[in-house]
Amino acid sequence: MSSLTEAPSSAGGPFLEACRGGTPSHIPVWLMRQAGRYMSEYREIRSKVSFMELCHTPELACEVTVHAADVLNTDAAILFADILLILELFGVKVSLVSGTGPVIEPPLRDPAKIDKLPEADLDGLSAIYEAVRLIKAAMPKERALIGFAGAPFTVASYLIEGGPSKSFENTKKIMFGAPEQFKRLMDKIGRATGEYLKRQVEAGADAVQLFDSWVGNLSEADYREFVLPASRTALAAVPSHIPRIHFGKGTGHLLLPMRDAGATIMGVDEMTHLGEARKLLGEIPVQGNLDPIVLLCDRATIKERVLPILKQGGPTGYIFNLGHGIVPSTPVDNVKYLVELVHQETAR
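In my numbering, the protein residues as written are 528 to 875.
Structural data, given as structure tokens:
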């Protein structure tokens, strides 16, 4: 295994070159949820095991991760896992309920119980690190592997709300009404998340992405006070030569503070103009930002929507992706066409 402090090698292909601000042979592309329910092979595996069993079985997690990247010919693969796995390390039970999503029972609604949460034992996710090792060994060296974790605010929100939420009233009630306890919760999750990402890198991940799915519901001032310190703690634990992507849904107003949390690449969702994001962020590479619903349309529409984004992104320091994850009803052939289109249109 290579040292965590050594200079990066040439492996990782166009994706890592773009992550470092270079001009690769073509604009690299990978897609959020590129391994998922829209693929028949994934559905076949899921018919035999639960989602959590899939996440915790290294051989199966490797199979779905590598298969998706192979079928689509993406420049990177992202580890198949779930953003809430880290809650298991705090003794929290997470279950997936059809039609609802992740459910935490009981949710953490009493601020007095925050300090009673145990410190996370990162050995509890050894299956995830083994999956990283298997995936890395199974892929060609020019295809990068992205590790990932849920950001502290999103993880804390699930823990407090007990599942998905639109208003986040329970989370904000603790955040505003018991700010010191909330900050301690965020710090505890942030430290665990940083160690989790670091261990993924030690196992072979070439880059990491920190997903803050729900943080777009906060103002910039609240983000800077309650979220930025814990996200910075998480990203700071990742070795400095490893690219660190930071992404959140509906976070156009938070791009600068999210960058300041320690990102070296900023993910941009479909609600934000990619060209404007590039101007705002300066030299930092960006990733995004096709609306995933476009992939439900015909090829002419896909091309019409993709070409302006490629122009906004430009040849240097840019990674093509969606503004969020692939939806289950997406035709696989459309996704394959998208990847081929990006490669062909930007080949140099």
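Glycine is no exception: its CB is placed at the ideal position from the N, C-alpha and C atoms.
| Check | Outcome |
| --- | --- |
| Beta-carbon proximity check, Met793 vs Ile811, cutoff 8 Å | yes |
| CB contact below 8 Å: Ile641 versus chain B | No chain B is present in this structure, which holds just one protein chain. |
| N-terminal and C-terminal residue of the beta strand (DSSP E) that Pro784 is part of | Not the beta strand (DSSP E): Pro784 falls in the alpha helix (DSSP H), residues 782-787. |
| Cβ pair Gly850, Asp796 closer than 8 Å | yes |
| Given Leu877 as reference, the closest of Ala588, Ala647, Pro638 once Cα atoms are compared | Look at the range of the chain in this structure, 528 to 875, and you will see that residue 877 is not part of it. |
| Cα-Cα separation between Val621 and Gly775, rounded to whole angstroms | 22 Å |
| Top-ranked residue by Cα proximity to Leu801, from Leu823, Gly789, Ile701, Thr778 | Thr778 |
| Secondary structure, alpha helix (DSSP H): runs of 4+ residues fully inside the segment 639-693 | 653-665, 679-688 |
| Residue range of the alpha helix (DSSP H) that includes Asn697 | 696-704 |
| Same chain, Cβ closer than 8 Å to Leu881, five either side skipped, listed in chain order | No information on residue 881 is available, as it lies outside the stretch 528 to 875 that the chain covers here. |
| Any 3 or more C-beta pairs closer than 8 Å across the segment 703-712 and the segment 727-745 | no |
| Nonlocal neighbours in the same chain, by C-beta distance under 7 Å from Leu712, ignoring five residues either side | Ile641, Ala683 |
| Pairwise C-alpha distance: Met559 and Ile889 | The chain is shown only over 528 to 875; residue 889 falls outside these bounds and no answer can be derived. |
| Pro691 versus Gly677: straight-line alpha-carbon distance, rounded | 14 Å |
| When Pro679, Leu581, Lys710 are compared against Pro638, the one with the closest alpha-carbon | Lys710 |
| Under 8 Å between C-beta atoms of Ile769 and Gln736 | no |
| Host beta strand (DSSP E) of Ile631 (start-end) | 628-631 |
| Short Cβ contact (8 Å threshold) for Val591 with Ile610 | no |
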